[in-house]
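What follows is one structure encoded as structure tokens, with my remarks underneath.
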Ligand code: UDP
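Residue numbers (the working numbering): 88 to 425.
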């Protein structure tokens, strides 16, 4: 297939582009590099032995997108591009709505204009909010508690409406739990700008001495060790989930939603210990107050993806920590090293 990938130079995007190229698909990446690096695509090409085409553009740029569709004639789109920091989204909500919703409109219009009828969308388990108890099934109630999460929730609804109005349009919404890890080669991985918001990148920087200690946000949750429980999924498993969703859309019309997680919750301290095991380095930490907006536990019921896509997560958090450690040790400044 010919697959146009927005945000394909980013963390999850680059691992998925690699999996697409390795499977024999042709790929065109559209990415404005606002939070990613072209070096990731050079390394993907090196690993795959073949290249993705690349257009540097914001997905809201209708003229650039039109030219990309006209030149590449994609059969399907995977839409990763988007702003993704929860805290930042509460500070600059309009930017989040403009970028995340606007890019989706431009993309859907370009797809319609160029006879492309399949889209896989990067959504998030954040849409389950605090409305019910985990494990979350795809039918659990959805909502959101911050502007970032609301953009994901709104885009899901926009895609559902678009699919209801157009019998040709096929939509896969993938709700990611907590992506972690890196490619086993150590060549591509997560390269957050500034102070990492997410647990594993922060722990990784503590292990290399770039940060003093981890702040553990609360140990008084109603969980086995009192710290938050999450469903950490290896990014290479996640990438494989996108290929499974694309395959499914090839044979089925309509609008579909799948959780991509492991179904096996881990605490903050489980992750600290797994990373200590992988790195051989002690991770100093301090228990501090809960982070506003955090829930005690979030993890997936993964039955539907297993049944319908034949997909399941295979890699452990220990493997993810080993892969992140390798990536971090070999690229202490991320892609800026090269
Ligand atoms: N967390 C933490 N210290 C940090 C970052 C995260 O204790 O510096 C905890 C957070 O409270 C949550 C878990 O780690 O229980 C995962 O947080 P992350 O931000 O990675 O993902 P989220 O589940 O919030 O999307």
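Even for Gly, the Cβ is constructed at its ideal location relative to N, Cα and C.
Proximity of the beta carbon of residue 289 to the ligand UDP is indicated: a heavy atom of the ligand is located closer than 6 Å. Residues of the same chain with a CB within less than 8 Å of the CB of residue 380, apart from the 5 flanking positions on each side, are 173, 232 and 233 in chain order.
Counting of Cβ neighbours within 10 angstroms places residue 118 among the buried residues, the total reaching 16 or more.
Rounded to the nearest whole angstrom, the CA to CA distance from residue 112 to residue 301 is 41 Å. Annotated as distal: residue 276 and residue 321, with beta-carbon spacing of 7 Å or more. Residues 107, 112, 113, 114, 115, 161, 162, 163, 164, 165 and 333 of the same chain have their beta carbon placed closer than 8 Å to that of residue 90, with the five preceding and five following residues left out of the count. Considered as a whole, the region 130-163 harbours 140-143 as its complete beta strand (DSSP E) runs of no fewer than 3 residues, in chain order. For residue 384, the closest of 316, 249 and 273 by C-alpha to C-alpha distance is 316. Beyond the five residues adjoining it in sequence on each side, residue 355 comes within less than 7 Å, by CB distance, of 286, 303, 314 and 315 in the same chain, given in chain order. The beta carbon of residue 408 is closer than 6 Å to those of 361, 362 and 365 in its chain, skipping five residues each way along the sequence.
Residue 201: not part of any beta strand (DSSP E); DSSP gives it neither H nor E. Taken atom to atom, the span from the alpha-carbon of residue 271 to that of residue 370 is near 22 Å. Around the beta-carbon of residue 94, 16 or more other beta-carbon atoms lie within 10 Å, marking it buried. Taken in chain order, the complete beta strand (DSSP E) segments of 3 residues or longer contained in the region 102-127 are 113-118. Taking all protein chains shown into account, residue 339 has fewer than 16 neighbouring C-beta atoms within 10 Å of its C-beta and is therefore exposed.
Take the alpha-carbon of residue 100 and the one of residue 423: they are about 18 Å apart. Distances between the C-beta of residue 304 and the heavy atoms of the ligand UDP include at least one below 6 Å. Per DSSP, the unbroken alpha helix (DSSP H) holding residue 177 starts and ends at 173-178. Residue 170 and residue 310 have their alpha carbons spaced roughly 31 Å apart. Where residue 411 is concerned, the enclosing alpha helix (DSSP H) starts and stops at 404-417.
Residues of the same chain with a CB within less than 7 Å of the CB of residue 421, apart from the 5 flanking positions on each side, are 278 in chain order. Between residue 153 and residue 96, the C-beta spacing is not below 7 Å.
7 Å or more divides the Cβ of residue 167 from the Cβ of residue 212. The beta carbon of residue 416 sits closer than 6 Å to none of the beta carbons in its chain outside the five residues before and after it.
Residue 355 has its CB nearer than 6 Å to a heavy atom of the ligand UDP. Between residue 202 and the set 253, 281, 374 and 295, the nearest pair of CA atoms involves 253.
A straight line joining the alpha-carbon of residue 395 with that of residue 328 spans about 11 Å.
Residue 265 has its Cβ nearer than 6 Å to a heavy atom of the ligand UDP. For residue 288, the secondary structure class from DSSP, reduced to helix, strand or coil, is helix. Annotation for residue 268 indicates a beta carbon at 6 Å or more from all heavy atoms of the ligand UDP. The distance from the Cβ of residue 208 to that of residue 144 is about 19 Å, inconsistent with a contact at the 8 Å cut-off.
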